[in-house]
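Colleague: So the protein lines, in turn, are chains A and B. Going by full-length UniProt numbering, the first sequence runs without a break in its numbering and finishes at 210. Going by full-length UniProt numbering, the second sequence runs without a break in its numbering and finishes at 187. Idealized CB from N, CA, C, for every residue including glycine.
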Amino acid sequence: MNTCQEPVIQLMHAYLDGDISRQDEQQLKEHLFACQHCREMMDELKMSALFLQGAAPLKAPDGFVSGVMARLPKEKSQAGLQRQLRRHPLLAAAALFFILMSATFFSSFGDNQQFSFTKQPNLVIEGETVIVPAGEIVKGDLVVENGNLRIEGEVDGNVTVIRGSKYMASTAVVTGKSEEIDRAFDWLWYKIKTTVKDIFPASKSEPVEE
Amino acid sequence: MDELVNKRINEVIKGNQDAFEEIVTLFQHRLYHVCYRMLGNPQEAEDIAQEAFVRAYVNIHTFDQKRKFSTWLFRIATNLCIDRIRKKKPDYYLDATVPGTDGLNMYSQIAASGDLPEEEVERMEAQERVQYEIGRLPEKYRTVIILRYLEELPLQDISDILELPLGTVKTRVHRGREALRKQMGNM
Numbered sequence: 001m002n003t004c005q006e007p008v009i010q011l012m013h014a015y016l017d018g019d020i021s022r023q024d025e026q027q028l029k030e031h032l033f034a035c036q037h038c039r040e041m042m043d044e045l046k047m048s049a050l051f052l053q054g055a056a057p058l059k060a061p062d063g064f065v066s067g068v069m070a071r072l073p074k075e076k077s078q079a080g081l082q083r084q085l086r087r088h089p090l091l092a093a094a095a096l097f098f099i100l101m102s103a104t105f106f107s108s109f110g111d112n113q114q115f116s117f118t119k120q121p122n123l124v125i126e127g128e129t130v131i132v133p134a135g136e137i138v139k140g141d142l143v144v145e146n147g148n149l150r151i152e153g154e155v156d157g158n159v160t161v162i163r164g165s166k167y168m169a170s171t172a173v174v175t176g177k178s179e180e181i182d183r184a185f186d187w188l189w190y191k192i193k194t195t196v197k198d199i200f201p202a203s204k205s206e207p208v209e210e
Numbered sequence: 001m002d003e004l005v006n007k008r009i010n011e012v013i014k015g016n017q018d019a020f021e022e023i024v025t026l027f028q029h030r031l032y033h034v035c036y037r038m039l040g041n042p043q044e045a046e047d048i049a050q051e052a053f054v055r056a057y058v059n060i061h062t063f064d065q066k067r068k069f070s071t072w073l074f075r076i077a078t079n080l081c082i083d084r085i086r087k088k089k090p091d092y093y094l095d096a097t098v099p100g101t102d103g104l105n106m107y108s109q110i111a112a113s114g115d116l117p118e119e120e121v122e123r124m125e126a127q128e129r130v131q132y133e134i135g136r137l138p139e140k141y142r143t144v145i146i147l148r149y150l151e152e153l154p155l156q157d158i159s160d161i162l163e164l165p166l167g168t169v170k171t172r173v174h175r176g177r178e179a180l181r182k183q184m185g186n187m
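(1) Report the neighbours of L155(B) on chain A: residues whose CB is nearer than 7 Å to its CB, in chain order.
(2) At a CB-CB cut-off below 7 Å, which residues of chain A make contact with L150(B)?
(3) Straight-line CA distance for A49(B) to T25(B)?
(4) Keeping to the same chain, check which residues put their C-beta closer than 6 Å to that of D160(B); ignore five residues upstream and five downstream.
(5) List the whole-angstrom C-beta distance separating R39(A) from L32(A), where the pair is believed to meet the contact cut-off of C-beta under 8 Å.
(6) Could you tell me whether any Cβ in chain B is nearer than 8 Å to the Cβ of S48(A)?
(7) Is the Cβ-Cβ distance between G167(B) and G40(B) less than 8 Å?
(8) Just how far apart, CA to CA, sit D17(B) and E120(B)?
(9) How would you list, in chain order, the residues of chain B whose beta-carbon sits under 7 Å from the beta-carbon of V68(A)?
(10) From what residue to what residue does the beta strand (DSSP E) around R150(A) run?
(11) What three-state label does DSSP hand D24(A) in the structure shown?
(12) Pull up the DSSP beta-bridge partners for E180(A), would you.
(13) Identify the contact partners of Q127(B) in chain A, using a Cβ-Cβ distance below 7 Å as the criterion.
(14) Using 10 angstroms around the beta-carbon of L96(A), count the other beta-carbons present and answer buried if the total reaches 16, otherwise exposed.
(15) According to DSSP, is L58(A) part of a helix, a strand, or is it coil?
(16) Could you check what DSSP says for S159(B) in three-state terms: helix, strand or coil?
(17) Take every Cβ of the segment 173-186 of chain B, pair it with every Cβ of the segment 53-63 of chain B, and state whether three or more of those distances are shorter than 8 Å.
(18) State the CB to CB distance for the pair L52(A) and Y36(B), rounded to an integer number of angstroms; the pair is presumed to be in contact (CB under 8 Å).
(19) Can the beta-carbon of N122(A) be found less than 8 Å from the beta-carbon of E136(A)?
(20) Does the CB of R183(A) have a neighbour CB from chain B at under 8 Å?
(21) Do you know how far the Cα of M42(A) is from the Cα of M12(A)?
(22) Give the straight-line distance between the Cα atoms of K46(A) and V65(A), rounded to the nearest whole angstrom.
(23) Could you tell me if W189(A) is buried or exposed, where buried requires 16 or more neighbouring beta carbons within 10 angstroms of its beta carbon?
(24) Looking only at C-alpha atoms, which of K14(B), G185(B), F20(B) and Q65(B) sits nearest to G67(A)?
(25) Secondary structure at V173(B), three-state DSSP: helix, strand or coil?
(26) Figure out for me which residue from L164(B), I13(B) and E44(B) has the closest Cα to the Cα of C81(B).
(27) Between K140(B), K182(B) and R181(B), which has its C-alpha nearest K170(B)'s C-alpha?
(28) In terms of residue numbering, what span does the alpha helix (DSSP H) encompassing T129(A) cover?
(29) What residues in the segment 160-182 of chain B bring their beta carbon closer than 8 Å to a beta carbon of chain A?
(30) Rounding to the nearest angstrom, what Cα-Cα distance links P61(A) and Q156(B) in this structure?
(31) Any beta carbon of chain A sitting closer than 8 Å to that of P138(B)?
(32) Cutting at 6 Å between CB atoms, please list the residues of its own chain near M1(B), excluding the five before and the five after it.
(33) Is there a C-beta anywhere in chain B that falls below 8 Å from the one on E6(A)?
(34) Do A134(A) and E152(A) come within 8 Å of each other at the CB atom, strictly closer than that value?
(35) Quick check on the burial criterion: 16 or more other C-beta atoms within 10 angstroms. Buried or exposed for E125(B)?
(36) Using 8 Å as the limit for Cβ to Cβ distance, is Q65(B) near chain A?
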């Protein structure tokens with residue numbers, strides 16, 4: 001058996017790894033020249049490495065790529081969004097703020113059940129119904145919340161009814177826009193519009209609670 | 001190439017799934033090859049290599065773009081292969097006849113663990129023999145030998161892929177090489 005094993009084998013591996021010092025390489029070569037057993041061992045190591053390196057690279061089968069694409073979880077604009085949020089904390093904060101803000105808008109839509117309307121001269125109130133009497137002319141916008149509106153006369157402005165119904169007599173005249181709001185989104189939109197109008201005061205009238 | 005890959009990765013992160021297709025196309029053969037050599041079975045190799053790409057896609061935001069994408073991808077794939085090898089239960093017998101192959105048994109289907117009679121080994125073609133010899137290596141040597149000699153990766157890259165110290169990788173390459181020499185004998 002070989003008596004010069006361990007240190008020389010270390011040198012052989014260092015040589016095969018390609019990180020051997022010039023001095024060690026010289027030492028190894030001298031030893032291999034002198035020792036037939038180690039020479040054979042070195043040849044075998046080289047051969048087995050070379051044998052593996054001769055293996056042909058294999059190609060992925062046809063349809064591999066489409067197979068991967070089919071296995072991907074469905075995107076998932078949501079996941080993209082999640083990643084975006086993870087990357088941009090400011091965006092996340094803004095989104096959270098918006099969600100909370102809209103929650104307050106929506107909840108106040110449900111909470112506020114009080115009957116209220118725009119105070120205008122010459123309006124007649126019967127229970128929860130606001131009446132524009134025949135022959136009268138209401139100057140300015142008219143907003144009725146949680147109540148009904150009956151128009152027999154004339155309104156020189158916009159008419160808005162929130163959670164209520166509107167009756168127009170045949171003699172009724174509305175010069176501005178006329179709308180009925182009874183859904184949360186309509187209401188949100190209305191709220192945003194009036195907020196903007198409050199900031200840039202263009203409207204003349206304010207709702208007054210009764 | 002790294003620049004192109006990172007560009008595509010950023011597109012994927014923004015939610016563009018199609019950009020991932022280019023990444024798969026670029027790396028499919030190398031990844032499949034490693035999986036095939038690790039597992040020794042084309043169906044399993046395809047399954048695991050595809051799974052590796054899916055995992056890469058799902059976790060793409062955890063990839064550090066200052067590093068090599070191929071290293072990260074190889075890490076996912078080798079981990080999956082190692083898991084598969086360890087979990088693999090012998091749910092078939094080597095001698096069982098494969099249905100519809102007129103008497104072929106599982107020996108002809110997998111070139112994997114288990115020693116064959118010498119004369120049978122000598123009749124193998126070189127490509128088949130490579131797979132047979134790799135399959136006989138213990139799993140921890142098999143992985144480094146495949147990465148070193150079939151992928152021809154530098155030792156440092158192998159250390160990054162397997163998250164092992166460089167010294168450990170060297171030792172495993174040495175032992176793997178020694179094991180190969182012993183099992184192959186004098187060719």
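Modeller: Checking against the coordinates, here is how it stands:
(1) Your numbering for residue 155(B) matches position 155 in the second sequence. What L155(B) touches in chain A, judged by beta-carbon distance under 7 Å, is D17, going in chain order.
(2) For the purposes of this step, residue 150(B) is taken as the residue at position 150 of the second sequence. Scanning chain A for C-beta atoms nearer than 7 Å to the C-beta of L150(B) yields L52 and A55, reported in chain order.
(3) Along the second sequence, one-based indexing puts residue 49(B) at 49. Along the second sequence, one-based indexing puts residue 25(B) at 25. Between A49(B) and T25(B), the C-alpha separation is close to 12 Å.
(4) If you number the second sequence from 1, residue 160(B) lands on position 160. Residues T71 of the same chain have their beta carbon placed closer than 6 Å to that of D160(B), with the five preceding and five following residues left out of the count.
(5) For this step, residue 39(A) is matched to residue 39 along the first sequence. For this step, residue 32(A) is matched to residue 32 along the first sequence. Going by Cβ atoms, the distance from R39(A) to L32(A) rounds to 5 Å, so yes, they are a contact pair.
(6) Translated into the one-based positions of the first sequence, residue 48(A) becomes position 48. Closer than 8 Å to some Cβ of chain B, the Cβ of S48(A) qualifies, so yes.
(7) For the purposes of this step, residue 167(B) is taken as the residue at position 167 of the second sequence. For the purposes of this step, residue 40(B) is taken as the residue at position 40 of the second sequence. Not a contact, by the Cβ cut-off of 8 Å.
(8) Along the second sequence, one-based indexing puts residue 17(B) at 17. Along the second sequence, one-based indexing puts residue 120(B) at 120. Residue 17(B) is actually Gln in this sequence, not Asp. Whole-angstrom Cα-Cα distance: 48 Å.
(9) Working through the first sequence from its first residue, we reach residue 68(A) at position 68. Those are V24, Q50, F53 and V54, listed as they occur along chain B.
(10) Counting from 1 along the first sequence, the entry for residue 150(A) is found at position 150. N148 to I151 is the extent of the beta strand (DSSP E) around R150(A).
(11) Residue 24(A) sits at position 24 when you count from the first residue of the first sequence. Helix.
(12) In the first sequence, counting from the first residue as 1, residue 180(A) sits at position 180. In the DSSP output, where bridge partners are listed per residue, E180(A) has V161(A).
(13) Translated into positions along the second sequence, residue 127(B) becomes position 127. Going along chain A in sequence order, the residues near Q127(B) (Cβ under 7 Å) are A55 and A56.
(14) Taking the first residue of the first sequence as 1, we reach residue 96(A) at position 96. It is exposed - the Cβ of L96(A) has fewer than 16 other Cβ atoms within 10 Å.
(15) Your numbering for residue 58(A) matches position 58 in the first sequence. In this structure, L58(A) counts as coil in the three-state DSSP scheme.
(16) Residue 159(B) sits at position 159 when you count from the first residue of the second sequence. Helix at S159(B).
(17) Touching, no, given that fewer than three Cβ pairs across the two stretches are closer than 8 Å.
(18) What you label residue 52(A) is simply residue 52 of the first sequence in a count that begins at 1. What you label residue 36(B) is simply residue 36 of the second sequence in a count that begins at 1. Going by Cβ atoms, the distance from L52(A) to Y36(B) rounds to 14 Å, so no, they are not a contact pair.
(19) Taking the first residue of the first sequence as position 1, residue 122(A) is located at position 122. Taking the first residue of the first sequence as position 1, residue 136(A) is located at position 136. Yes; because the gap between Cβ atoms is below 8 Å, this pair is in contact.
(20) Working through the first sequence from its first residue, we reach residue 183(A) at position 183. By this cut-off, R183(A) is not an interface position.
(21) Position 12 of the first sequence holds residue 12(A). Position 42 of the first sequence holds residue 42(A). For M12(A) and M42(A), the distance between alpha carbons rounds to 7 Å.
(22) For this step, residue 46(A) is matched to residue 46 along the first sequence. For this step, residue 65(A) is matched to residue 65 along the first sequence. K46(A) and V65(A): Cα-Cα distance of roughly 37 Å.
(23) Residue mapping note: residue 189(A) aligns to position 189 of the first sequence, counting from 1. Counting Cβ neighbours within 10 Å, W189(A) comes out exposed, since fewer than 16 surround it.
(24) Your numbering for residue 67(A) matches position 67 in the first sequence. Selected option, being the one with the closest Cα: F20(B).
(25) Along the second sequence, read from residue 1 onward, the residue named residue 173(B) stands at position 173. Note: V173(B) maps to helix in three-state DSSP.
(26) Residue numbering aside, residue 81(B) sits at position 81 when the second sequence is read from its first letter. If we check each option's Cα against that of C81(B), E44(B) comes out closest.
(27) Stepping through the second sequence from its first residue, residue 170(B) is reached at position 170. Closest by alpha carbon: K140(B).
(28) As a working mapping, residue 129(A) is identified with position 129 in the first sequence. It is not in any alpha helix (DSSP H) - T129(A) instead sits in the beta strand (DSSP E) that spans T129 to V132.
(29) K170, V173, H174, R177, E178, L180 and R181
(30) Along the first sequence, one-based indexing puts residue 61(A) at 61. Along the second sequence, one-based indexing puts residue 156(B) at 156. Just so you know, the alpha carbons of P61(A) and Q156(B) end up roughly 30 Å apart.
(31) Mapped onto the second sequence, residue 138(B) falls at position 138. With 8 Å as the cut-off, P138(B) does not count as an interface residue toward chain A.
(32) Position 1 of the second sequence, counting from 1, holds the residue named residue 1(B). Excluding residues within five positions, none has a Cβ falling inside 6 Å.
(33) If you number the first sequence from 1, residue 6(A) lands on position 6. Output row for E6(A): interface = no.
(34) Here residue 152(A) refers to the residue found at position 152 when the first sequence is read from its first residue. Here residue 134(A) refers to the residue found at position 134 when the first sequence is read from its first residue. Yes.
(35) Numbered from its first residue, the second sequence carries residue 125(B) at position 125. Using a 10 angstroms sphere on the CB of E125(B), the tally of other CB atoms stays under 16, which defines it as exposed.
(36) Stepping through the second sequence from its first residue, residue 65(B) is reached at position 65. For Q65(B), the answer is no, since every Cβ of chain A falls outside 8 Å of its Cβ.
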